[in-house]
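All residue numbers for the sequence shown refer to this note's numbering, where the first residue is 2 and numbers rise by one.
Right, one structure below, let's go through it.
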Amino acid sequence: MNNQKRKDRQTDVNLQTLIIDTALSLAGEVGWANVTLQKIGRETDLPEQEVKAIFPSEWNILEAFRTRTDLQIADRQTPNWSEGAPKERLFEVLMERIDVIEPWKPGLASVASYGIKQPIQGFKLCVGLNKSMATMLDYAQIRRGTARVPWQAHGLTAIYLLVLRRWFSDDSDDLGPTMAELNEKLIEADRFLARVCGSTK
């Protein structure tokens, strides 16, 4: 790859980052339902058509944010994610995810509220989040061999959504209530699996 191509690629990445961050900042200010490509263009001083060329719709922006978050978490992997009990590993990974998305908390709260009011969009959000939760399971080195089954990701998605609901109202500096919620839900899931597995023996 020559220098010009590298510069062009970096420019594309920078524009994507600018648009994603602006969209979520706007969501926190005016509500996700009121975020449009036109408004994003005005905020970023980009022509609407240029914004649309990068992200054809607001939905594409949310998907890009989700996948970007997955990649950012991959860059933060630590030995703790491969040591200890599965519950502890998942706790570390999911709290890392919350730390990554912290700057866009108001905007994400608005997106979540929009998803509840618009079931079809909410379903699409859950489908996308389910893909990310499958990735989180991989990061925690839990989905391996015959254990790679869809219900693991579905269950973790449900847990994560409950934790997000708590996080949206958690104003503490140390996120103690959010961590307590996550720990409690993971313990409940662990107990449920123990009962199910025990009953099949």
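Yeah, the Cβ is synthetic: ideal placement off N, Cα and C, and Gly gets one too.
When Gly129, Ser173, Ser133 are compared, the shortest CA-CA separation from Trp60 is found for Gly129.
Non-local beta-carbon contacts of Ile143 in its own chain, meaning distances under 6 Å to residues more than five positions away in sequence, involve Pro87 in chain order. In this structure, DSSP gives Val94 a helical state, which the three-state scheme calls helix.
Three or more pairs of CB atoms, one per stretch, sit closer than 8 Å, so the region 103-111 contacts the region 27-35. Counting other Cβ atoms within 10 Å of its Cβ, Glu189 stays below 16 and is therefore classed as exposed. For Asp174, the secondary structure class from DSSP, reduced to helix, strand or coil, is coil. A Cβ-Cβ distance of about 16 Å is found for the pair Met180 and Leu157, leaving them out of contact under the 8 Å criterion. Below 8 Å, too few C-beta pairs join the region 56-75 and the region 153-170 to call them touching: fewer than three. In terms of Cβ geometry, Arg77 and Glu49 do not form a close pair [threshold 8 Å].
Residue environment: Arg192 is assigned as exposed (fewer than 16 neighbouring CB atoms within 10 Å of its CB, all protein chains considered). Look at Ile160 here: in three-state DSSP terms it is helix. If you look at Trp60, you'll find it in the alpha helix (DSSP H) that goes 59-76. One alpha carbon belongs to Gln119, the other to Trp33, and they sit about 12 Å apart.
Relative to the Cα of Asp13, the nearest Cα in the group Ala141, Val52, Asp100 belongs to Val52. Rounded to the nearest whole angstrom, the C-alpha separation of Ile20 and Thr68 is 15 Å. Around the C-beta of Gly116, 16 or more other C-beta atoms lie within 10 Å, and the residue is accordingly described as buried. Shortest Cα-Cα distance from Tyr140 to any of Leu162, Ala24, Glu64, Thr79 involves Thr79.
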